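A.B. asks:
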Amino acid sequence: MATAPLPGPVSGTARAWLLSPTPASRRQARCGRWFRAWLAFRRNPLAMSGLAIVLLLVLMAVFAPLIADRQSAFLQVLEDRLQPASWQHPFGTDELGRDIFARVVFGSRITLTIVVMVGVIVVPVGLAIGLPAGYFGGVVDTVLMRITDIFLAFPRLVLALAFAAALGPGIENAVIAIALTAWPPYARLARAETLTRRRAEFIQAAELQGASPFRVIATQIVPLCLPSVIIRLTLDMAGIILTAAGLGFLGLGAQPPSPEWGAMVSSGRQVLLDQWWVATIPGLAIFIVSLGFNLLGDGLRDVADARS
Amino acid sequence: MSVSSTEGAAPAPVHGGVGYRTWGLIKRMARSLSSVALTFLGLTCVTFFIGRVIPIDPVLAIVGDKASAETYARVRAEIGLDLPLPVQYWRYLMKVLHGDFGNSVITSHPVLQDLLQVFPATLELALLALFIGVVAGVPMGVLAATHRGRWQDQVIRFLSLLGYSMPVFWLGLVGLLLFYARLGWVEGPGRLDVAFDDIVGPVTGMLTIDSLLAGEYEVFWNAFWHLLLPASILGYLSLAYVARMTRSFMLAQLRQEYVLATLAKGLSPWRVVWVHALGNVWVQLVTVIALTFGNLLEGAVLTETVFAWPGLGLYMKNSLFNADLNAVLGGTVLVGVVYIGLNMISDLIYPLVDPRARDE
Chain A
1 MATAPLPGPV
11 SGTARAWLLS
21 PTPASRRQAR
31 CGRWFRAWLA
41 FRRNPLAMSG
51 LAIVLLLVLM
61 AVFAPLIADR
71 QSAFLQVLED
81 RLQPASWQHP
91 FGTDELGRDI
101 FARVVFGSRI
111 TLTIVVMVGV
121 IVVPVGLAIG
131 LPAGYFGGVV
141 DTVLMRITDI
151 FLAFPRLVLA
161 LAFAAALGPG
171 IENAVIAIAL
181 TAWPPYARLA
191 RAETLTRRRA
201 EFIQAAELQG
211 ASPFRVIATQ
221 IVPLCLPSVI
231 IRLTLDMAGI
241 ILTAAGLGFL
251 GLGAQPPSPE
261 WGAMVSSGRQ
271 VLLDQWWVAT
281 IPGLAIFIVS
291 LGFNLLGDGL
301 RDVADARS
Chain B
1 MSVSSTEGAA
11 PAPVHGGVGY
21 RTWGLIKRMA
31 RSLSSVALTF
41 LGLTCVTFFI
51 GRVIPIDPVL
61 AIVGDKASAE
71 TYARVRAEIG
81 LDLPLPVQYW
91 RYLMKVLHGD
101 FGNSVITSHP
111 VLQDLLQVFP
121 ATLELALLAL
131 FIGVVAGVPM
141 GVLAATHRGR
151 WQDQVIRFLS
161 LLGYSMPVFW
171 LGLVGLLLFY
181 ARLGWVEGPG
191 RLDVAFDDIV
201 GPVTGMLTID
211 SLLAGEYEVF
221 WNAFWHLLLP
231 ASILGYLSLA
241 YVARMTRSFM
251 LAQLRQEYVL
261 ATLAKGLSPW
271 RVVWVHALGN
281 VWVQLVTVIA
291 LTFGNLLEGA
301 VLTETVFAWP
311 GLGLYMKNSL
321 FNADLNAVLG
331 GTVLVGVVYI
341 GLNMISDLIY
351 PLVDPRARDE
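This is how it looks when you write it as structure tokens:
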């Protein structure tokens, strides 16, 4: 690292290596670009708090058994039901005497699972439809984009509802239902990105070397599309979380006794007026997490806009 | 509706050739209509598919599990389940086009009749929500654009981010807890107090309008106070979207040279912003508002569940839990059609109000 030429003020540090105006290797240039984006991102306090929330969610999901007692999230202690907040139960207990804090902590695993699953399905599907449409143009483009437009014109939650109803309630089906209605914007985005690079010289160079369309798309175009797709995905996460929670609230998502936040809000409705915390605290968790993704996505977009 | 208005406005005497312009509009309309037809086909394909996927055997539901194999086969043929899939789809499509969604299992009425009965309640809710969203959201967006980067902008940006991030059902519950149970400012769930039921006969199906038409002011106020909270909560969500879009449209306008020119001519900044710049933005906002309205119909499913509001959303939710598939799919098609219709209308209005969008 110290072998690189370092004209920076404090030579020899990692920071100087990253910010070097004359990178010695491709790797250094790439790392430097990411570091500059990070510096721009860091200046935005709202985006940083978004990042903090999302990181917190991930940590909470990973270390759930260390943060809360798994047993008290599921164990029904009817003598202790509907207790207000106390040292023993920081968020009180629900109508079956389960600790709401522990349930919220373990619920983060479900939320994170849904978000990751939807992302894993939606991005490849969107790319698989959008990239060929933009690359080949013509009939392929027309047909693929027509299909996309049709799905785009569907009311999302209602369709997810109908799917969930047909497939039966459950997390997997909720994920499928959401993914089926969430992919079209990615196809459009991928197509638009492809169109702007389609005539670029490096693409032509690759084609002249005999690269197959699949190879050109996979090695040249996909890496260029990924940043905007990831930003879009981050912004979408909030919507996905809200839709999933909505399905859970309606009873079409995760089934009891699993501590899904939307379903927890729903079960707290009966005691809303007297024991407000049962319904409001899981709802607050949904709100904070979706706010976190929105703030993070907003910040990422600002950085990307400033760069382009 | 949009067809006649388009034809009426097309031969406007603008230089550049009347025939050319009319032709362009017709072409645009044809394209728009064909895409609507395609989308509708796609929608019915999906609902048809869902109807086939569902793990309930419709034949078994009719004949019962003690029926003989012949009876089973006969009934299966009667419903048309032995036909090839495309034929079945065609029959389904024809039925849908004639407004026949089958009968609801719960109410035993035709689904369409049920839908038309509950739809006005949702429409009432969504319209007031949209009104709140536009009346508050547009000025907020303008303010954010004119004060870009200052605290007003930050506050408005944060408020709309909050709107984007709130689960609507949770906001509804918190609203009920606070404004109904604790403060008593509004009425609770439902559309009317029991005491006011059946005083006003249905004309439009929207209680606030019906009661005004009948001159029953007490009923009107009761209905209004029931409506206000759910509509405000839905309205807040659309406000978030409208304010954000208005802000970005206005920023684009304020960068234009005509703004500088009108300011240089000595027009008051207030007039430049609210009359000239906003005047140009309305065109784009029409699309946003149409899309918002579609989203409101969706948000209504959750809001209606929270507020026991007897509209389309609650109807669909109840049908869902009683395995009343005809009703669910009928509701899906209805919302889809409204959604597609709104898209089409905004597509057609756009070139009518904005000359720049005509010559492409």
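From first to last, the protein sequence lines are chains A and B.
If you count the first sequence from 1, position 110 lands on 110 in my numbering, and the numbers rise without skipping.
If you count the second sequence from 1, position 325 lands on 325 in my numbering, and the numbers rise without skipping.
Where a beta carbon is used, it is the ideal one built from N, C-alpha and C, also for glycine.
All of these numbers come straight from a predicted model, not from anything done at the bench.
Enumerate in chain order the residues of its own chain whose CB-to-CB distance from A73(A) is below 7 Å, with the five nearest sequence positions on each side excluded.
C.D. replies: Closer than 7 Å at the Cβ level, and outside the excluded window around A73(A), lie R98, D99, A102, R103, F106 and P259.
A.B. asks: According to DSSP, what are the bridge partners of P110(B)?
C.D. replies: N103(B).
A.B. asks: If you count every other CB in all the chains shown that lies within 10 Å of the CB of W309(B), and 16 or more means buried, which is it?
C.D. replies: W309(B) should be labelled buried.
A.B. asks: Quick check: V123(A) and Y186(A), are their CB atoms within less than 8 Å of each other?
C.D. replies: Yes, the Cβ-Cβ distance between V123(A) and Y186(A) is below 8 Å.
A.B. asks: Helix, strand or coil for T204(B) per DSSP?
C.D. replies: DSSP places T204(B) in coil when its eight states are reduced to three.
A.B. asks: Give me whichever residues DSSP pairs with D99(A) in a beta bridge.
C.D. replies: Note: D99(A) sits in a beta bridge opposite T93(A).
A.B. asks: List, in order along the chain, the chain B residues whose C-beta lies closer than 9 Å to that of T280(A)?
C.D. replies: Simply W170, L173, V174 and L177.
A.B. asks: In chain order, which continuous runs of the alpha helix (DSSP H) of length 4 or greater are located wholly inside the segment 269 to 354 of chain B?
C.D. replies: Fully enclosed alpha helix (DSSP H) runs of 4 or longer: 278 to 307, 312 to 321 and 325 to 353.
A.B. asks: Just the Cα atoms here: how many angstroms apart are V14(B) and A192(A)?
C.D. replies: Only weak support exists for where V14(B) lies, its pLDDT of 48 falling under 50; the value from the coordinates is given anyway. Roughly 34 Å between the two C-alpha positions.
A.B. asks: Establish whether the CB of G137(B) and some CB of chain C are separated by less than 8 Å.
C.D. replies: Of the chains in the structure shown, none is chain C; the protein chains are A and B.
A.B. asks: Note down, in chain order, every chain A residue with its Cβ under 8 Å from the Cβ of Y339(B).
C.D. replies: Chain A residues near Y339(B): A153, F154 and P155.
A.B. asks: Can you tell which of R42(A), S86(A), I288(A) and I176(A) has its C-alpha closest to the C-alpha of A254(A)?
C.D. replies: Nearest option by C-alpha distance: I176(A).
A.B. asks: Which chain B residues are close to S258(A), counting only those with a beta carbon under 9 Å from its beta carbon?
C.D. replies: Here the premise fails: no neighbours, minimum Cβ distance about 18 Å.
A.B. asks: Would G8(B) count as contacting chain A if we go by Cβ distances under 8 Å?
C.D. replies: The predicted model places G8(B) with a pLDDT of 41, which falls under 50 and marks its position as unreliable; any figure quoted below should be read in that light. No, its Cβ sits nowhere closer than 8 Å to a Cβ of chain A.
A.B. asks: Assuming E298(B) contacts R156(A) under a Cβ cut-off of 8 Å, what Cβ separation, rounded to an integer in Å, is found between them?
C.D. replies: Indeed they touch by this definition, with Cβ atoms about 7 Å apart.
A.B. asks: At the level of alpha carbons, what is the spacing between L260(B) and Y164(B)?
C.D. replies: Each residue's alpha carbon lies about 34 Å from the other.
A.B. asks: Below 8 Å between beta carbons: does that hold for L162(B) and L295(A)?
C.D. replies: In this structure, L295(A) does not lie closer than 8 Å to L162(B) by Cβ.
A.B. asks: Could you give the distance in angstroms between the alpha-carbon of S2(B) and the alpha-carbon of G341(B)?
C.D. replies: Residue confidence for S2(B) is low, a pLDDT of 39 falling below 50, so the modelled location carries little weight and cannot support an answer.
A.B. asks: Just how far apart, CA to CA, sit G137(B) and L159(B)?
C.D. replies: Cα-Cα distance, rounded: 11 Å.
A.B. asks: In chain order, which alpha helix (DSSP H) runs of at least 4 residues are fully inside the segment 106 to 183 of chain A?
C.D. replies: As far as the segment 106 to 183 of chain A is concerned, its whole alpha helix (DSSP H) runs of at least 4 residues are 138 to 152, 156 to 167 and 171 to 182.
A.B. asks: Grouping DSSP H, G and I as helix and E and B as strand, with all else coil, what is R191(A)?
C.D. replies: Helix at R191(A).
A.B. asks: From the beta carbon of V115(A), is the nearest beta carbon of chain B less than 8 Å away?
C.D. replies: No, V115(A) does not count as interfacial toward chain B.
A.B. asks: With three or more C-beta pairs closer than 8 Å as the rule, is the segment 124 to 138 of chain B touching the segment 230 to 250 of chain B?
C.D. replies: Yes: the two stretches touch, three or more of their Cβ pairs being nearer than 8 Å.
A.B. asks: Do we get a CB-CB distance below 8 Å when we pair V301(B) with the residues of chain A?
C.D. replies: V301(B) counts as touching chain A.
A.B. asks: Of all the alpha helix (DSSP H) runs that stay within the bounds of the segment 192 to 225 of chain A, which reach a length of 4 or more residues?
C.D. replies: Fully enclosed alpha helix (DSSP H) runs of 4 or longer: 201 to 208 and 213 to 216.
A.B. asks: According to DSSP, simplified to helix, strand and coil, what is E216(B)?
C.D. replies: Here E216(B) sits in coil by DSSP.
A.B. asks: To the nearest angstrom, how far is it from the Cα of L46(A) to the Cα of D298(A)?
C.D. replies: If you take the alpha carbons of L46(A) and D298(A), they lie about 9 Å apart.
A.B. asks: Let me make sure I understand the geometry here. Which of N326(B), G336(B), F321(B) and I349(B) has the alpha-carbon closest to that of P169(A)?
C.D. replies: Comparing Cα-Cα distances from P169(A) to each of N326(B), G336(B), F321(B) and I349(B), the minimum goes to F321(B).
A.B. asks: Take L189(A) as the anchor and find which of R15(A), R199(A) and I231(A) has the nearest alpha-carbon.
C.D. replies: It is I231(A).
A.B. asks: Is there at least one Cβ from chain B nearer than 8 Å to L233(A)'s Cβ?
C.D. replies: So no, L233(A) is outside the interface.
A.B. asks: Is the beta carbon of T287(B) sitting closer than 8 Å to the one on V272(B)?
C.D. replies: Against a cut-off of 8 Å, the Cβ pair of V272(B) and T287(B) comes out as no contact.
A.B. asks: What does the alpha-carbon distance come out to for the pair F41(A) and L18(A)?
C.D. replies: The alpha-carbon atoms of F41(A) and L18(A) are separated by roughly 16 Å.
A.B. asks: Could you please tell me which residues of the segment 183 to 194 of chain A, in chain order, have their CB closer than 8 Å to any CB of chain B?
C.D. replies: Answer in chain order: no residues at all.
A.B. asks: Looking at the C-beta of F293(B), does it have a partner C-beta in chain A at a distance below 8 Å?
C.D. replies: Judged by the 8 Å Cβ criterion, F293(B) is not in contact with chain A.
A.B. asks: Let me confirm a value: I288(A) is counted as buried when at least 16 other C-beta atoms fall within 10 Å, else exposed. Which label applies?
C.D. replies: Exposed, because fewer than 16 other Cβ atoms sit within 10 Å of the Cβ of I288(A).
A.B. asks: Give the straight-line distance between the Cα atoms of I289(B) and D347(B), rounded to the nearest whole angstrom.
C.D. replies: The straight-line gap from Cα to Cα measures roughly 12 Å.
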